[in-house]
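Peer 1: Next up is a structure, given as structure tokens.
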DNA sequence: ATCGTCATTTGT
DNA sequence: CAAATGACGATC
């Protein structure tokens, strides 16, 4: 613009605007606006400006921008044209800092705190109220609990829109299912009382340990049907696809097709949105799913269930990393609904709910336990190797060999659980058992691939790939190597030789079997991939337990018991000859928990240990991960409550000769009562980082699963 | 991304 | 001393 121009743009625009909008607060004029104002607005419209809606023209909008310092609502005006379409909870497009962004309309009012002229909403993407008030409150609460942003949680809670699906007519609400006759819960202490409380519509908080061999999907379906028959909604979250299939089948049997839906990743955008909308619109009462279903907006929820809460699949890997158990607890609390935290084993977190008095224990009656548990035999380091030639080659303990032989002779399948898939992943010195490391980069040595071709290949480094032909142990000088973990494939080969003529089936990452027939077979699988056996397994061999327990992880003990019990629960009771052989020392508490089938006792031990060490759930923690400089800056900026304490930082990943690494991790610990303050401090520090546009990424996680 | 605000530099 | 430029921070 040239300086000869008589009046600069800002000179003519500003005063008229001040006249049209004398009071900024009056900008969103009420329907009772004066005629004079109307006339002026009409003039404004002729110039291309817009009129505000006649009623509640102020919209509280949450914009889809993942910056922590913008984690709040912004006020916009609703133009008259969008008065009908702009309903609370709908998706909108707004101009925010110059660019068009997506957002959600939370509510409409007629006042604003904002001192200046409000911008108009650009358009209403759809009037479908995908973010109703209860869902917003939940997402806000989850964001606050984890020190994250609402936007991040909304991304987890609301699936992407599919316009075509949205246009389809909504199904009518399903008929109320009949209340089932529930007798099977009487096998449990407090079981009948729990069902009665559910039926009466009072909130029951239960920590349930299923008896070995229990048809847990059937029990949970019964609980769901009791609640659904009273007209209230149910959300059941399970770890994976296979559990979901069983759960769905059990629910269909009791409640019929229209009342139940499954929400699961991998459905495709259309079907995913279709089912989610059916839940939102109240067409289904019972929602089953994997972790994303924890946010399912079911109408009038009466019951929330998490099955196998120790499975790490229940932790969402996206920021702010919410855990299914936490989210469902929150929902049960605000909705005055019931909560069931269930599994064969019990986590320290579940034990904490019981010990704090918030939840009631529901466990099997003693007599029922005796009648349903298999006989468990531990086998330590100094075991008798089976005399059978092939079994000797596989280094199979004679107890295990006998148990398997007996089960197969009885016409039953045998489950063999190995801790990791793959073919001999790790190597150690055959003499002193020091892990074998690459001489060049200190990476772990492993044998490459299978050896079906019979060609023996030298071990090589898993990091740099260099083969090592002349291995010598760094500690004792021995040239001998042994497998640290025998993978499923190798185990299957060896067992097949030991029991020639018996079919060997494997269930693992590549092919997961849902069930196997009740016929003699060896079923080799990795934890979590155990197929259900028709009539139960005759025996289970839990091999390489020392590898599971030896993991450098605070949760190793708990995780081992969980995996063992999940497998052992599929075995026939001892009264029908069911046997479990576990490859670990009898003196270990994890082994004792399995032998006595006492998950509650073990959870008590675990919780006591956490209390002693000052770890979650007794204390609240946050992990901060990033470059050393970024971590140090965050720690420095973090306004910790009085109970706050910083552990570390410690290097992560590869470490150079000075003990430094590219990435570091620090833990911050506070008293449990300061959990909210910790989350708020993290949110505030994160907001300052975002406002400063710090380029270094950091990862902050509250109550992370991996602690050491 | 884009706008306004405020401090600093530049042009008489 | 006013106008032009630039850094910065908020973003309705």
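In the numbering used here, the protein residues as written are 938 to 1645. In this text, a Cβ means the ideal position worked out from N, Cα and C, and glycines have one as well.
Can you pull the DSSP bridge partners for residue 1352?
Peer 2: 1460 and 1477
Peer 1: Take the Cβ of residue 1040 as the centre, count every other Cβ of all protein chains shown within 10 Å, and call the residue buried at 16 or more, exposed below.
Peer 2: Residue 1040 sits buried, since 16 or more C-beta atoms from the chains shown fall within 10 Å of its C-beta.
Peer 1: Under a Cβ-count criterion, where at least 16 other Cβ atoms within 10 Å of its own Cβ denotes burial, should residue 1076 be classed as buried or exposed?
Peer 2: buried
Peer 1: Tell me which residues share the same chain as residue 1439 and place their Cβ nearer than 7 angstroms to its Cβ, disregarding the 5 neighbours each side in the sequence.
Peer 2: 1345, 1457, 1458 and 1459
Peer 1: Between the alpha carbons of residue 1390 and residue 1431, how many angstroms are there, rounded?
Peer 2: Note on residue 1390: pLDDT 39, under 50, position unreliable in the model; the coordinate value appears next. The alpha-carbon atoms of residue 1390 and residue 1431 are separated by roughly 16 angstroms.
Peer 1: Any idea what DSSP makes of residue 1419, helix, strand or coil?
Peer 2: strand
Peer 1: Would you check if the segment 994-1012 and the segment 1034-1053 touch, i.e. whether three or more CB-CB distances between them fall below 8 angstroms?
Peer 2: When C-beta atoms of the segment 1034-1053 are compared with those of the segment 994-1012, three or more pairs fall below 8 angstroms, so the two segments count as touching.
Peer 1: By DSSP, does residue 1606 sit in helix, in strand, or in coil?
Peer 2: strand
Peer 1: State the Cα-Cα distance for the pair residue 1522 and residue 1096, rounded to the nearest angstrom.
Peer 2: 48 angstroms
Peer 1: Taking contact to mean 3 or more Cβ pairs, one atom from each stretch, closer than 8 angstroms, check whether the segment 1560-1576 and the segment 1623-1642 are in contact.
Peer 2: yes
Peer 1: Tell me whether residue 1635 sits in a helix, a strand or coil according to DSSP, three-state version.
Peer 2: coil
Peer 1: For the putative contact between residue 1326 and residue 1125, defined by C-beta atoms under 8 angstroms, what is the C-beta separation to the nearest angstrom?
Peer 2: The Cβ separation is near 47 angstroms, so there is no contact.
Peer 1: Could you check where the alpha helix (DSSP H) with residue 1142 kicks off and where it finishes?
Peer 2: Per DSSP, residue 1142 belongs to no alpha helix (DSSP H); it is in the beta strand (DSSP E), 1142-1146.
Peer 1: Would DSSP call residue 1414 helix, strand or coil?
Peer 2: coil
Peer 1: CA-CA distance, residue 1625 and residue 1132?
Peer 2: Residue 1625 and residue 1132: Cα-Cα distance of roughly 49 angstroms.
Peer 1: Pull up the DSSP beta-bridge partners for residue 1063, would you.
Peer 2: 1028
Peer 1: What first and last residue would you give for the alpha helix (DSSP H) that runs through residue 1095?
Peer 2: Segment: none, residue 1095 is in no alpha helix (DSSP H) and carries neither H nor E.
Peer 1: Note down the Cα distance separating residue 1517 from residue 1150, rounded to an integer number of angstroms.
Peer 2: 13 angstroms
Peer 1: For a test of your reading of the model: does the CB of residue 1066 fall under 7 angstroms from any non-hydrogen atom of the ligand HEM? Yes or no.
Peer 2: Among the components modelled here there is no ligand, and therefore nothing to report on the ligand HEM.
Peer 1: According to DSSP, is residue 1132 helix, strand or coil?
Peer 2: helix
Peer 1: When you compare only the Cα positions, how much space is there between residue 1122 and residue 1159?
Peer 2: Answer to the nearest angstrom: the Cα atoms are 9 angstroms apart.
Peer 1: Mind checking residue 939: buried by the 16 CB within 10 Å criterion, or exposed?
Peer 2: Any reading at residue 939 must be qualified, since the residue scores a pLDDT of 30, below 50, and its modelled position is unreliable; the value itself is stated next. A residue is called buried when at least 16 other Cβ atoms come within 10 angstroms of its Cβ; residue 939 does not meet this threshold and is exposed.
Peer 1: If I measure Cβ to Cβ from residue 1643 and keep anything under 7 angstroms in the same chain, skipping five residues before and after, which residues do I get?
Peer 2: 1490
Peer 1: In terms of residue numbering, what span does the beta strand (DSSP E) encompassing residue 1265 cover?
Peer 2: Premise fails: residue 1265 lies in the alpha helix (DSSP H), 1261-1272, not in any beta strand (DSSP E).
Peer 1: Enumerate in chain order the residues of its own chain whose CB-to-CB distance from residue 1605 is below 6 angstroms, with the five nearest sequence positions on each side excluded.
Peer 2: Cβ within range, chain order: 1559 and 1583.
Peer 1: Could you check what DSSP says for residue 1083 in three-state terms: helix, strand or coil?
Peer 2: Here residue 1083 sits in helix by DSSP.
Peer 1: Roughly how far, in whole angstroms, is the beta-carbon of residue 1224 from the beta-carbon of residue 1246, given that I think they are within contact range, below 8 angstroms?
Peer 2: Between residue 1246 and residue 1224 the Cβ distance is about 18 angstroms, and since that is not below 8 angstroms, they are no contact.
Peer 1: Going straight from the alpha carbon of residue 1336 to that of residue 1434, what length do you get?
Peer 2: 17 angstroms
Peer 1: Just confirm the distance between the C-beta atoms of residue 1493 and residue 1486, as a whole number of angstroms; I'd bet it's less than 8 angstroms.
Peer 2: 6 angstroms
Peer 1: Can you give me the C-alpha to C-alpha distance between residue 1050 and residue 1450, rounded to a whole angstrom?
Peer 2: If you take the alpha carbons of residue 1050 and residue 1450, they lie about 59 angstroms apart.
Peer 1: To the nearest angstrom, how far is it from the Cα of residue 1587 to the Cα of residue 1603?
Peer 2: Answer to the nearest angstrom: the Cα atoms are 6 angstroms apart.
Peer 1: What is the DSSP secondary structure of residue 1501, reduced to helix, strand or coil?
Peer 2: helix
Peer 1: Buried or exposed: where does residue 1255 fall if 16 or more other Cβ atoms within 10 Å of its Cβ makes it buried?
Peer 2: exposed
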